[in-house]
Amino acid sequence: MNTIGRKDKVNLPDLALKNIDAKIDTGAYGCTLHCHSIELISRDGKDILAFKVLDPTHSLYEDKVFYFEEFSDKLVKNSGGQTEHRYTINTPMIIFGKRRNIDFSLTNRKKMKYPILLGREFLTGRFIVDVTLKDLSYKDKKHKK
């Protein structure tokens, strides 16, 4: 098992995101991605999920709409303990040089420090969390160059 710190930088290649900050959160079950303008649209009679990643205040924001034909929706308990409806997508994420398909629920995290949250569903069986450390995957990637 790898050790991971309290935060790191990850890549989401299908969403054109590189070295984006992710908070490691053992108190959260799932993984979450900061998005806005999240909506269902109909194309040729089929539901399509449309959204923009991040928001205009973020330095990596590109004002691009992403479309997913495959998605799910579920009820999630947010950090305030409230239940909310969220859409979930499955997309590749690269961390520690490994590419894994991850389920991300989409929500507006504008008020949060980190645009990505990685929870227990992703961490269990893969990582030991050491909260005194940070950016281990990112430092490892830079060291290998």
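The sequence shown begins at 1 in UniProt numbering and counts up by one. Glycine included, every Cβ here is placed at the ideal spot set by N, Cα and C. Keep in mind that this is a model prediction, so the values were computed, not measured.
Residues bridged to residue i by DSSP?
{"i": "N101", "result": "P92"}
{"i": "E39", "result": "A50"}
{"i": "R86", "result": "K74"}
{"i": "residue 160", "result": "Shown here, the chain extends from 1 to 145; a query on residue 160 therefore has no answer."}
{"i": "D8", "result": "A22"}
{"i": "V129", "result": "I4"}
{"i": "L17", "result": "L12"}
{"i": "L118", "result": "I24"}
{"i": "H58", "result": "DSSP output for H58 lists no bridge partner at all."}
{"i": "T32", "result": "S105 and L117"}
What residues in its chain sit with their C-beta under 8 Å from that of residue i, if we drop five residues either side in the sequence?
{"i": "D63", "result": "K52 and P56"}
{"i": "G5", "result": "I24, V129, D130, V131, T132, L133, K134, D135 and L136"}
Given residue i, which residues of its chain have a CB within under 7 Å of its CB, disregarding the five upstream and five downstream residues?
{"i": "F104", "result": "C31, T32, L33, T88, I89 and T91"}
{"i": "N78", "result": "E84"}
{"i": "Y61", "result": "L54 and D55"}
Among the candidates the options, whose CA atom is the shortest distance from the CA of residue i?
{"i": "I20", "options": "K113, N101 and D73", "result": "K113"}
{"i": "L12", "options": "T124, G125 and P115", "result": "P115"}
{"i": "D73", "options": "Y61, I102 and R86", "result": "R86"}
Take residue i and list the residues in its own chain whose beta-carbon comes closer than 6 Å to its own, dropping the five residues that flank it on each side.
{"i": "A28", "result": "L117 and G119"}
{"i": "N2", "result": "F96 and F127"}
Please confirm if residue i has its CB atom under 8 Å from at least one CB of chain C.
{"i": "D25", "result": "Although the question refers to chain C, the structure presented lacks it and comprises just one protein chain."}
Alpha carbon to alpha carbon, how far is residue j from residue i? Give it in angstroms, no decimals.
{"i": "K141", "j": "A22", "result": "16 Å"}
{"i": "G80", "j": "D44", "result": "38 Å"}
{"i": "V10", "j": "S42", "result": "32 Å"}
{"i": "H93", "j": "D14", "result": "Correcting the residue type first, residue 93 is Met in the shown sequence and not His. Roughly 9 Å between the two C-alpha positions."}
{"i": "S59", "j": "T124", "result": "31 Å"}
{"i": "I38", "j": "K18", "result": "21 Å"}
{"i": "E70", "j": "D8", "result": "28 Å"}
{"i": "M26", "j": "L40", "result": "Before going on, a small fix: residue 26 reads as Thr here, not Met. Approximately 31 Å between the Cα atoms of the pair."}
{"i": "R99", "j": "K139", "result": "17 Å"}
{"i": "Q82", "j": "I102", "result": "24 Å"}
{"i": "L75", "j": "A16", "result": "27 Å"}
Inset, instruction - Check whether the region 108 to 115 touches the region 22 to 38, taking contact to mean three or more Cβ pairs, one atom from each stretch, closer than 8 Å. - result: Result yes; three or more Cβ-Cβ pairs closer than 8 Å.
Inset, instruction - Determine, using beta-carbon pairs with one atom in the region 64 to 75 and one in the region 38 to 53, whether at least three such pairs fall under 8 Å. - result: With the rule of 3 Cβ pairs closer than 8 Å, the region 64 to 75 counts as touching the region 38 to 53.
Inset, instruction - Kindly confirm or deny that the region 116 to 123 and the region 38 to 50 touch, where touching means at least three C-beta pairs closer than 8 Å. - result: Contact between the region 116 to 123 and the region 38 to 50 is absent: fewer than three C-beta pairs spanning the two stretches fall below 8 Å.
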